[in-house]
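**Student:** Just so we're aligned: 51 in UniProt numbering is position 51 of the sequence shown, and the numbers increase by one with no gaps anywhere.
Positions of the beta carbon are idealized from the N, C-alpha and C atoms, including for glycine.
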Amino acid sequence: MEQSKKTEGRESRKDNDLFFTCSLIEYIARKTKNKRADVVNALGRKNVEKIYELADVYHSDNIDRVSDDFIHAAGITVGSFDNVAAAEYSVPSHWDIGKVYKRLILGIAKEKGMDI
């Protein structure tokens, strides 16, 4: 079976890795008060690929420690974008937002016939 098709639980391992990658980006953005795109750009392709490839390892570690490691490695500084504090209603968790981004990415990839 292909690596992307292997499953452990309800979804493929790579889908779960994508979920964790999206959730960690959301977590870092909230923690540093930066826009999500700015976090992705600061991390760079190499770090985002590393998070995705090692997501199963990082997922079993403390997210504060993992996020701090990437914040320091990428030199991400504290910004002023705080959409959580500005929200008038209950804010979904970084895990909830990670699920949304994962579904969005998978949907677009499927529609365009792209691999993740």
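Secondary structure at Ser93, three-state DSSP: helix, strand or coil?
**Tutor:** Coil.
**Student:** Whether or not the segment 28-42 and the segment 72-90 are in contact is what I'm after, with contact meaning three or more pairs of Cβ atoms, one per stretch, closer than 8 Å; do they touch?
**Tutor:** With a cut-off of 8 Å, the segment 28-42 and the segment 72-90 count as touching, because enough Cβ pairs lie within range.
**Student:** Under 8 Å Cβ to Cβ from Gln3, same chain only, skipping five residues before and after it: list those, please.
**Tutor:** Only weak support is given to the placement of Gln3: the predicted model assigns it a pLDDT of 47, under 50, and the question is left unresolved by the model.
**Student:** With burial defined as no fewer than 16 other Cβ atoms inside 10 Å of the residue's Cβ, what is the status of Met1: buried or exposed?
**Tutor:** For Met1, the predicted model reports a pLDDT of 40, less than 50, meaning its position is unreliable and no value from the coordinates is stated.
**Student:** Within the segment 43-81, note down every full beta strand (DSSP E) run reaching 3 residues or more, in order along the chain.
**Tutor:** None, since the segment 43-81 contains no complete beta strand (DSSP E) of that length.
**Student:** Roughly how many angstroms lie between the CA atoms of Ile97 and Phe70, to the nearest whole one?
**Tutor:** Those two C-alpha atoms are separated by around 19 Å.
**Student:** Report the rounded CA-to-CA distance for Lys46 versus His94, giving the unit in angstroms.
**Tutor:** If you take the alpha carbons of Lys46 and His94, they lie about 22 Å apart.
**Student:** On a Cα-Cα basis, can you pick out the residue from Ile51, Asp68, Asn83, Tyr27 that is closest to residue 117?
**Tutor:** Coverage of the chain is limited to positions 1 through 116, which leaves residue 117 absent and any answer about it impossible.
**Student:** When the Cα atoms are used, what is the spatial distance from Lys102 to Cys22?
**Tutor:** If I take the Cα positions, the gap works out to 7 Å.
**Student:** Can Leu18 and Val66 be called in contact, C-beta distance under 9 Å?
**Tutor:** Not in contact: Leu18 and Val66 (Cβ atoms no closer than 9 Å).
**Student:** Of all the options Arg10, Phe20, Arg36, Glu11, which has the alpha carbon lying nearest to the alpha carbon of Asn83?
**Tutor:** Of the candidates Arg10, Phe20, Arg36, Glu11, the one whose C-alpha sits nearest the C-alpha of Asn83 is Arg36.
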